[in-house]
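Here the protein sequences line up with chains V and E, keeping their order. Read in this note's numbering, the first sequence has 583 at position 253, and its numbers run on one by one without any break. Read in this note's numbering, the second sequence has 439 at position 109, and its numbers run on one by one without any break. Here is the structure we will look at, set down as structure tokens.
There are 2 protein chains.
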Amino acid sequence: MLFSKGGRNSRSVAPSPDSAYDQNLGFQGLDVMKFAAVDVRQAASAADIVYEALRKAIIEGEIAEGDSLRQEEIAQMFNTSRIPVREALSRLEQHGLITTQRYKGAVVAGLSIEEIDEIFEFRALIEAEVMRLAVPNLDRATLDRARGYCDAFDRETDPHRWGEINRQFHTTLYEAARRPYYLQNVQSSLDRIDRYLRAQLTFTNGVPRAGREHEAILAACEKGDADLAARLTRDHILDAGRSLMTFLRKHRG
Amino acid sequence: MLFSKGGRNSRSVAPSPDSAYDQNLGFQGLDVMKFAAVDVRQAASAADIVYEALRKAIIEGEIAEGDSLRQEEIAQMFNTSRIPVREALSRLEQHGLITTQRYKGAVVAGLSIEEIDEIFEFRALIEAEVMRLAVPNLDRATLDRARGYCDAFDRETDPHRWGEINRQFHTTLYEAARRPYYLQNVQSSLDRIDRYLRAQLTFTNGVPRAGREHEAILAACEKGDADLAARLTRDHILDAGRSLMTFLRKHRG
DNA sequence: GCATTGTATATTGGATCCAATTTTTCTATG
DNA sequence: CATAGAAAAATTGGATCCAATATACAATGC
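What follows is the structure, encoded as structure tokens:
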């Protein structure tokens with residue numbers, strides 16, 4: 331414990347709405363002034379900030395499975411009280427990223443091999459369907475963006491970035507399906523397994539293969555072949571899952 | 331606001347572990363004493379109690395979409411402070427049952443017609459697969475239990491009970507799939523749409539049809555026909571969804 | 001040396017208080 | 001009567017304190 335970069339905040343944790351003002355406030359008089367208004371109703375609370383930082387640290391493996399999360403310690407790192415930390419921890423627990431026991435605090439959750447297997451299977455089912463629904467709606471701009479992520483994945487050498495780029499590649503395509511509820515479930519599943527996925531990519535030299543599979547999926551999308559894109563997505567996920575299972579069986583004893 | 335039955339708790343909200351003790355503590359001496367130990371680590375916190383009561387009230391429609399949830403009011407009803415209420419509300423928000431805005435409190439979430447449509451579609455995809463995976467593992471005892479819920483659904487005249495019995499019927503069968511992650515997603519989806527499902531059953535006289543469909547699903551399970559059970563489950567859910575869509579389009583203007 | 005008991009310390013759960021923000025009410029003005 | 005502004009009240013977000021529980025350490029007995 332804990333993640334290396336302490337998120338030390340100032341006393342006021344809500345982001346200042348000044349930035350839009352500072353850049354756009356000129357001396358032109360009110361009637362020609364243009365600025366991007368910031369909706370203050372969506373300003374981040376202390377709990378939001380702590381939640382997001384912890385979530386990121388967990389899914390990127392910066393804090394490991396089994397690590398304890400001490401409320402007071404985290405509160406001090408973020409220069410806030412325990413109350414927002416408790417809310418952040420409660421939210422993390424709802425997402426399955428930590429487990430808590432009454433009076434015994436929070437621990438970063440691990441996943442058993444069976445759980446990982448199931449989540450990959452689940453993803454294959456859901457994401458294949460989302461891909462199928464997305465293909466008819468894909469436009470040039472979206473495909474170009476996905477192409478960018480596909481190339482970036484191939485070029486990236488920092489393992490910490492693989493999960494994020496992989497996610498961006500897939501979700502860029504999936505968004506065309508216009509299925510927010512599905513997508514929320516996909517994001518949630520990815521949060522659960524990202525750290526394991528990175529281990530698989532790293533230790534089984536899985537990046538070149540994943541890159542080729544991304545290429546094939548993207549090609550099917552460019553051809554407008556929804557069934558093929560769905561099948562390739564499904565196989566891509568199931569194969570990654572199998573590879574990870576094999577790796578974990580060897581290294582978990 | 332609010333639900334009719336106030337959950338007024340005593341000052342101490344943790345359940346007493348005494349009940350097992352009281353019933354089993356005799357004067358036989360310690361070495362022959364038998365009692366069912368209660369794992370106090372799992373004792374419900376105040377937040378747990380408030381969360382469960384609010385969740386139940388929302389999914390059963392006792393508090394309606396758009397209703398405000400006032401922290402202090404709820405805290406008083408449960409005879410506790412606002413802190414556990416805030417945690418309960420945060421948890422409900424993670425599950426999509428309420429929405430909150432900074433400084434403006436919590437409101438029971440509604441679902442748009444598009445969202446409902448998507449969730450039924452999602453359920454059809456997931457539950458068909460779970461049903462398919464479950465069928466090979468179904469034993470006589472499980473089928474008998476499901477038969478019991480199937481019959482109870484047909485007999486039940488209280489609309490408040492339909493959602494619960496419907497859920498019990500389906501999940502009894504699904505559990506044989508041994509897919510806890512899928513099942514968690516099914517439960518979550520059902521929480522989101524149960525109140526709408528009850529409206530559909532009530533106002534479109536959907537109970538007899540649902541009953542027949544349950545019978546057909548159960549018969550396929552008894553025959554061990556996984557593909558048929560999956561298809562019937564999928565159709566059952568999609569048809570219910572369509573019926574509800576039709577109803578809502580007429581009544582939401 | 002090991003097991004048990006008692007005490008001190010650490011940590012979590014909830015209560016209460018204060019600060020920040022929103023909503024409602026009241027008053028003044030045209 | 002309608003509108004604007006000020007003040008009061010309501011509500012939420014977070015800080016601090018207290019109670020409850022768990023963990024660590026020291027003392028004691030076998």
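The beta carbon of each residue, even a glycine, is placed where N, CA and C say it ideally should be. Here the structure is a predicted model, which means the values were calculated and not measured.
Proximity below 7 Å, CB of residue i to CB of residue j
{"i": "V:I446", "j": "V:Y512", "result": "no"}
{"i": "V:R454", "j": "V:L568", "result": "Note that residue 454 of chain V is Ala in the sequence shown here, rather than Arg. In contact: V:A454 and V:L568 (Cβ atoms closer than 7 Å)."}
{"i": "E:M461", "j": "E:T576", "result": "no"}
{"i": "E:D524", "j": "E:I389", "result": "yes"}
{"i": "E:C551", "j": "E:L468", "result": "yes"}
{"i": "V:E395", "j": "V:G440", "result": "yes"}
{"i": "V:A436", "j": "V:I428", "result": "yes"}
{"i": "E:C480", "j": "E:F499", "result": "yes"}
{"i": "V:R497", "j": "V:L520", "result": "yes"}
{"i": "V:L574", "j": "V:Q530", "result": "yes"}
{"i": "E:V465", "j": "E:A549", "result": "no"}
{"i": "V:G541", "j": "V:D488", "result": "no"}
{"i": "V:A476", "j": "V:T502", "result": "yes"}
{"i": "V:R509", "j": "E:E402", "result": "no"}
{"i": "V:A482", "j": "V:I495", "result": "yes"}
{"i": "V:E457", "j": "V:V537", "result": "no"}
{"i": "V:R528", "j": "V:G493", "result": "yes"}
{"i": "E:H566", "j": "E:E545", "result": "no"}
{"i": "E:Q424", "j": "V:Q424", "result": "yes"}
Bridge partners - residue i, DSSP secondary structure assignment
{"i": "E:T429", "result": "E:V437"}
{"i": "E:S398", "result": "E:V437"}
Rounded Cβ spacing between residue i and residue j (contact assumed at less than 8 Å)
{"i": "E:V438", "j": "E:D397", "result": "5 Å"}
{"i": "E:S411", "j": "V:S420", "result": "Contact flag wrong, Cβ pair sits at about 16 Å."}
{"i": "V:L422", "j": "V:R470", "result": "At roughly 39 Å, the Cβ-Cβ gap does not stay under 8 Å, so V:L422 and V:R470 are not in contact."}
{"i": "E:R572", "j": "E:I443", "result": "Actually they do not touch by this definition, with Cβ atoms about 12 Å apart."}
{"i": "V:A560", "j": "V:E459", "result": "7 Å"}
Exercise. Compile a chain-ordered list of the residues in the stretch 400 to 428 of chain E whose CB is closer than 8 Å to at least one CB of chain V.
Key: Answer in chain order: I413, R416, E417, S420, R421, Q424, H425.
Quiz item: In chain order, what residues of the stretch 450 to 467 of chain V put their CB closer than 7 Å to some CB of chain E?
Solution: Listed by position along the chain: F452, L455, E459.
Self-check item: Interfacial residues, the stretch 432 to 445 of chain E to chain V, with Cβ spacing under 9 Å
Solution: Result list: R432, Y433, K434, E444, E445.
Quiz item: At which residue ranges does the stretch 430 to 510 of chain V contain complete alpha helix (DSSP H) runs of 4 or more residues, listed in the order of the chain?
Solution: 443 to 464, 470 to 485, 489 to 504, all fully within the stretch 430 to 510 of chain V.
Exercise. Taking a Cβ distance cut-off of 7 Å, strictly less, list which residues of the stretch 375 to 400 of chain V are near chain E, in chain order.
Key: Contact residues of the stretch 375 to 400 of chain V toward chain E are S375 (C-beta to C-beta distance below 7 Å).
Quiz item: Relative to chain V, which residues along the stretch 500 to 516 of chain E have a C-beta separation below 9 Å, given in chain order?
Solution: Within the stretch 500 to 516 of chain E, the qualifying residues are R508, R509, P510, Y511, Y512, Q514, N515.
Quiz prompt | Under 8 Å (Cβ pairs) to chain E, residues found in the stretch 539 to 551 of chain V | solution = Within the stretch 539 to 551 of chain V, contact with chain E at the beta-carbon level (separation under 8 Å) is assigned to no residue.
Exercise. Note down, in chain order, all residues in the stretch 467 to 487 of chain E with a beta-carbon under 8 Å from any beta-carbon belonging to chain V.
Key: Correct list: empty, as no residue qualifies.
Practice problem: Write down every uninterrupted run of the alpha helix (DSSP H) in the stretch 527 to 571 of chain E whose length is 4 residues or greater and which is fully enclosed by it, in chain order. | Solution: Segments of the alpha helix (DSSP H) lying fully in the stretch 527 to 571 of chain E: 537 to 553.
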